[in-house]
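Protein chains: 2
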Amino acid sequence: MKFLGLLFAADACASVSDLLAPRQDLGAIGEATCTEIGKNLAIENVTVNIAEYLPAGSNITLSQDYNLPTCGYKFVVNPVDMCRLAMRVETSNQSEITLEAWLPTNWTGRFLSTGNGGLSGCIQYPELAYTVGLGFATVGGNNGHNGTSGQAFYNNLDIVHDFADRSIHTGVVVGKEITAQYYGCPHKKSYFVGCSTGGRQVFKAVQSYPEDFDGVVAGAPAFSFIALLAWSGHFYPIFGDPGNSKYVPAATWTAIHEEVLKQCDGIDGVVDGILEDPSLCNFRPEAMLCSGDNTNSTTCLTPDQAGAVREAYSDYYGADGKLIYPKIQPGGEQVAARMMYTNGPFPYTSDWYKYVVYKLSFNSSPGNPDWDPKTFSIADYAAAFAQNPFNIDTWDGDLSAFQNRGGKVLSYHGEQDGIISSLNSPRYYNHVSRTMGKTSDELDDFYRLFRVGGMGHCYGGDGTSFLGQQGSSFAGDLDPQNNVVMRIVDWIENGNAPETITGKKYVNGVVAQGVELVRNHCKYPLRNVCIDPANYTKAEAWACIV
Amino acid sequence: MKFLGLLFAADACASVSDLLAPRQDLGAIGEATCTEIGKNLAIENVTVNIAEYLPAGSNITLSQDYNLPTCGYKFVVNPVDMCRLAMRVETSNQSEITLEAWLPTNWTGRFLSTGNGGLSGCIQYPELAYTVGLGFATVGGNNGHNGTSGQAFYNNLDIVHDFADRSIHTGVVVGKEITAQYYGCPHKKSYFVGCSTGGRQVFKAVQSYPEDFDGVVAGAPAFSFIALLAWSGHFYPIFGDPGNSKYVPAATWTAIHEEVLKQCDGIDGVVDGILEDPSLCNFRPEAMLCSGDNTNSTTCLTPDQAGAVREAYSDYYGADGKLIYPKIQPGGEQVAARMMYTNGPFPYTSDWYKYVVYKLSFNSSPGNPDWDPKTFSIADYAAAFAQNPFNIDTWDGDLSAFQNRGGKVLSYHGEQDGIISSLNSPRYYNHVSRTMGKTSDELDDFYRLFRVGGMGHCYGGDGTSFLGQQGSSFAGDLDPQNNVVMRIVDWIENGNAPETITGKKYVNGVVAQGVELVRNHCKYPLRNVCIDPANYTKAEAWACIV
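Protein chains in written order, with full-length UniProt numbering: chain C, 1 to 546; chain D, 1 to 546.
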């Protein structure tokens with residue numbers, strides 16, 4: 001295993017240490033400093049509500065005191081000694097963010113921002129714990145409102161603004177200042193690790209706040225955000241509710257997944273339950289039409305259902321004949337079914353149209369009180385895209401400012417993602433390529449995308465999805481080859497750019513039961529093929545090819 | 001080599017013979033009968049202009065006498081003794097077709113119709129010669145007008161009607177009657193072999209005139225005709241003319257073809273210059289962006305050009321968000337470039353919109369005199385589709401009437417087709433599958449589609465394109481496995497349905513130079529993969545897999 005070297009050994013801030021080095025003498029850094037900064041922090045618009053020094057292993061009980069967004073988290077354990085600050089930061093006269101800064105005593109000199117998910121509204125406490133444990137001074141905010149609903153956006157564009165980009169940027173500005181004050185010297189390198197909405201936030205920073213970060217890890221980005229929400233919402237009018245002739249129940253989606261594997265699992269060279277490159281899978285739902293041989297309604301499809309399934313796997317185009325959002329890839333259908341196909345309207349879409357696009361209150365005024373997600377259409381998308389508040393769409397293709405200041409982007413997307421189409425990441429990559437006029441070889445300098453076969457949305461799935469991309473996908477492996485957070489550090493600080501990223505899958509998903517599969521994930525546009533099917537569980541059995 | 005048995009050995013019409021059997025004593029069939037039928041044929045609306053008995057090897061000089069559409073053909077040689085009839089057949093008070101019936105002395109009892117191409121207007125004399133040589137009583141018509149232009153459609157819907165379906169159907173009705181009168185007994189089985197527009201005509205008959213034919217061979221069908229013409233015309237607004245920033249010259253398309261092969265040739269298991277299944281090729285034009293390493297404007301693309309190329313390889317969607325026509329497949333780009341990308345507006349599209357949709361005369365009245373193919377848009381398509389005269393779109397999915405009378409469809413489409421997207425044939429197949437509620441196993445009873453890797457539009461290309469599908473792709477091989485015309489006969493008359501169809505490629509395209517490649521083409525939805533790359537030139541090195 002390879003460890004990253006000490007960052008600031010001979011630095012003026014010599015007390016900061018590498019996360020893996022023995023604890024240094026930290027002098028004043030400790031409980032007194034934490035209490036002190038809690039009392040006397042003087043940053044405009046910032047009110048510190050909590051300042052507590054916590055020894056490693058503390059059980060931090062989360063409550064809604066001070067407007068903290070618990071989002072179902074009841075407690076979190078900090079893995080290292082640290083100072084915890086929880087703050088209120090006003091962002092306008094009608095908006096504010098709740099921000100936490102976790103400052104490890106054994107600091108590496110690195111600053112890191114965590115991101116958010118969905119439409120929330122939730123500080124990602126597990127990611128604060130994960131990254132503070134790696135020695136980062138870490139911040140996490142609530143993205144301008146609490147909870148997972150978009151209701152807060154109703155008639156308050158400032159909260160939309162926080163959600164679009166102001167919460168993250170504010171957290172970075174405040175967090176960096178706090179870091180400098182607490183440690184007595186500024187951070188040396190700044191990182192952002194996010195997935196889903198966090199991935200969008202990463203790219204928003206890269207596009208619009210290129211000075212905020214040096215290295216970023218963007219997972220399954222929710223960029224082309226307006227398009228994504230339209231796409232997520234367009235499935236409900238396709239399938240409808242139980243009883244509709246096109247409705248396909250969850251059990252049938254399990255059969256569809258089996259049929260996807262039957263048709264496409266071997267394309268990557270081995271039948272292992274994982275589609276390494278589902279973009280090569282032209283799934284044919286017609287193969288499942290009910291016939292004399294198969295009349296079981298949970299394993300066969302009526303013609304209406306087959307047509308709906310085909311539509312669900314098709315690209316989504318707008319009234320101007322332009323692509324809105326690419327099709328979902330085969331493989332993640334069981335998750336997609338639960339999220340978007342079988343359980344009524346997709347809530348984030350409904351919220352966005354109710355509370356932002358058409359501004360419907362619960363009392364149905366103002367706006368269009370009759371708006372019904374069942375009628376969602378490309379005309380609704382057009383209305384939403386015309387708004388694109390604060391350029392939340394996050395689709396700018398010129399990343400030269402970020403590149404020019406030495407920034408690096410490590411992006412990844414699970415090919416079994418059932419929530420955000422994994423085709424949208426290559427689409428953006430190619431958009432950047434054309435916008436900047438740079439080939440892959442040239443983009444490699446600062447932007448690399450990895451397609452993670454068999455990974456679901458940000459984590460999980462049937463493949464080798466432990467990449468260290470978040471706390472729940474970290475099994476203690478700090479080798480940059482196996483850990484994308486350590487990899488972005490290694491790229492920024494040592495120039496070790498990733499050629500592949502290696503993922504692991506554990507038996508039954510349980511780390512203690514041992515490694516089941518190891519696989520390298522290829523840098524786009526390369527694709528992963530099995531060259532030694534007999535040994536497909538080993539990384540060496542695979543190759544990245546043009 | 002396998003030969004088809006005698007069809008009517010013990011039949012009342014015993015004088016008819018198998019094409020390969022020794023010539024029988026034909027009694028009255030011969031010059032006198034030919035002259036007689038020319039003089040005395042009494043079929044309503046039919047006027048015989050030429051009736052001549054021609055011994056095998058006659059050099060038939062084609063002239064425009066009697067309104068015969070020469071279409072560039074100067075002469076044609078009949079390979080067998082036959083009676084040639086050329087007729088005028090009125091189809092309305094403002095339309096007529098020119099029809100030829102070629103009646104072989106050594107008749108097999110089989111009737112066959114040839115088809116047409118593009119917007120013409122041309123009797124396919126080489127196909128008459130090919131099929132009469134196989135012993136069919138063969139007809140070919142001019143599709144209601146002469147030449148390759150659509151100008152005849154202007155203000156004459158009867159000519160559009162002939163083009164949509166009436167010419168073929170009329171030729172069949174008249175041709176079958178002539179056949180019966182000439183031979184003194186009716187035909188036993190009826191066939192249709194066509195490609196491109198001929199393929200559309202085949203499916204029009206299957207959909208709307210199910211009694212006309214027993215067995216049909218439909219190559220590269222121009223069905224979803226309105227959509228096809230829109231698609232063909234939508235490239236001009238993408239690329240424009242030389243000087244436009246998005247224009248991509250022909251030389252660059254050669255480089256694009258090389259890049260397509262670089263990215264995708266190996267997907268089928270062997271690098272041989274042929275994409276067996278280009279639907280697995282997600283071509284990335286961004287790989288060709290001009291960069292420091294490559295600034296040669298004939299081998300690299302500007303960002304504008306790369307965007308245009310990507311658009312050209314994308315599905316084509318309408319204002320209602322529904323697919324109009326599927327993307328072109330990578331592989332046939334050099335032909336597509338010549339036909340649709342580099343030489344101004346696609347003439348068939350322009351003609352259809354000028355003379356049918358907007359009815360522009362040469363004097364620009366009536367209609368919209370300012371209509372410019374450079375402005376072609378999905379709104380134009382919507383106007384055209386609303387008309388769909390005589391249901392020329394040819395997209396009905398219920399083929400049960402044809403199936404129920406025992407009809408069989410053998411369809412094929414070259415995967416290197418640069419004029420009609422080879423994805424549209426599977427699309428129709430799946431449309432039929434859903435409409436009829438039949439799986440592939442069930443459709444196999446009467447409808448089989450073969451994807452011919454490396455074949456261009458109807459013939460040619462880099463692959464094994466000699467299938468006996470037309471005279472120019474026939475090298476004397478009558479084995480039904482190697483000849484789709486003989487295969488449809490074998491399927492209809494002996495029940496020998498095709499599992500694969502075998503194609504051959506000749507050295508330098510010259511039969512006399514010998515066979516270069518032999519390859520079986522798979523029945524959709526199976527795909528062709530090379531399982532023995534060292535022997536890829538042999539059929540045995542390939543397998544059809546799910």
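Idealized CB from N, CA, C, for every residue including glycine.
Here the alpha carbon of C:Tyr317 sits roughly 44 Å from the alpha carbon of C:Trp102. Taking CB atoms only, C:Ser279 has a neighbour in chain D less than 8 Å away.
Straight through space, the alpha carbons of C:Asp315 and D:Ile324 are spaced by roughly 13 Å. Chain C places a beta carbon closer than 8 Å to that of D:Thr435, counting this residue as a contact. Secondary structure at C:Met87: strand, using DSSP grouped into helix, strand and coil. Under the Cβ criterion of 8 Å, D:Thr252 is not counted among the residues facing chain C. Short of 8 Å from the beta carbon of D:Val515, and not among the five residues preceding or following it, lie these beta carbons of its own chain, in chain order: Lys504, Lys505, Tyr506 and Val507. Interface annotation, D:Ile378: in contact with chain C, CB-CB separation under 8 Å. Chain order gives the chain D residues near C:Gln263 as Pro525 and Val546, where near means a beta carbon separation below 9 Å. Ranked by how close their Cα comes to the Cα of C:Val216, the residues C:Lys523, C:Cys544, C:Ala541 and C:Arg487 have C:Arg487 in first place. Between the C-alpha atoms of D:Val432 and D:Asp417 there is a straight-line separation of about 22 Å.
In its chain, beyond the 5 residues on either side, Thr502, Val518, Arg519 and Asn520 have a beta carbon closer than 7 Å to the beta carbon of C:Ala539.
Going by DSSP, D:Phe111 is part of the beta strand (DSSP E) stretching over Arg110 to Thr114. Relative to the Cα of C:Ala384, the nearest Cα in the group C:Asp293, C:Val357, C:Pro79 and C:Gly269 belongs to C:Val357. Unbroken alpha helix (DSSP H) stretches of 4 residues or longer found wholly inside the stretch 202-262 of chain D: 225-239, given in chain order. The beta carbon of D:Gly461 does not come within 8 Å of any beta carbon belonging to chain C, so the residue lies off that interface.
DSSP places D:Arg451 outside any alpha helix (DSSP H); the residue lies instead in the beta strand (DSSP E), whose first and last residues are Tyr447 to Val452. At a cut-off of 8 Å, the C-beta of D:Thr295 has no neighbouring C-beta in chain C.
Ranked by Cα distance from C:Gln64, the options C:Gly509, C:Ser58 and C:Phe75 are led by C:Phe75. Contact note: D:Asp315 reaches chain C through Ser314, Asp315, Tyr317 and Leu323, using a C-beta cutoff of 9 Å and chain order. Taking the Cα of C:Val511 as reference, the smallest distance to any Cα among C:Thr33, C:Pro55 and C:Phe474 is reached at C:Phe474. Contact annotation for D:Asn404 against chain C: no contact, minimum CB-CB distance about 17 Å [criterion: below 7 Å]. The alpha-carbon of C:Phe466 is positioned some 13 Å away from that of C:Gly219.
Under a criterion of Cβ atoms nearer than 8 Å, the residues of chain C adjacent to D:Ser440 are, in order, Glu286 and Ala287. Between D:Pro104 and the set D:Leu112, D:Cys522 and D:Asn116, the nearest pair of CA atoms involves D:Leu112.
For D:Lys504, DSSP records a beta bridge to D:Phe466 and D:Val518. The Cβ-Cβ distance between D:Ile168 and D:Gly115 falls below 8 Å.
Residues Phe223, Ser224, Phe225, Ile226, Ala227 and Phe385 of the same chain have their beta carbon placed closer than 8 Å to that of D:Asp393, with the five preceding and five following residues left out of the count. Looking at D:Ser377, D:Leu423 and D:Phe283, the one whose alpha-carbon comes closest to that of C:Ala319 is D:Ser377.
Between C:Thr108 and the set C:Lys189, C:Leu54, C:Leu157 and C:Asn45, the nearest pair of CA atoms involves C:Lys189. Contact between the stretch 251-260 of chain D and the stretch 151-158 of chain D is absent: fewer than 3 CB-CB pairs across the two stretches fall below 8 Å. Close to C:Gly307, with beta-carbon spacing below 7 Å, are these residues of chain D in chain order: Arg434. Around the beta-carbon of C:Val546, fewer than 16 other beta-carbon atoms lie within 10 Å, marking it exposed. Cβ neighbours of C:Asp444 within its own chain (closer than 8 Å, five residues either side excluded): Ala497 and Lys523. The Cβ of C:Ser473 sits no closer than 8 Å to any Cβ of chain D.
Counting only runs of 3 or more residues that sit fully inside the stretch 166-200 of chain C, the beta strand (DSSP E) segments are 189-195, in chain order.
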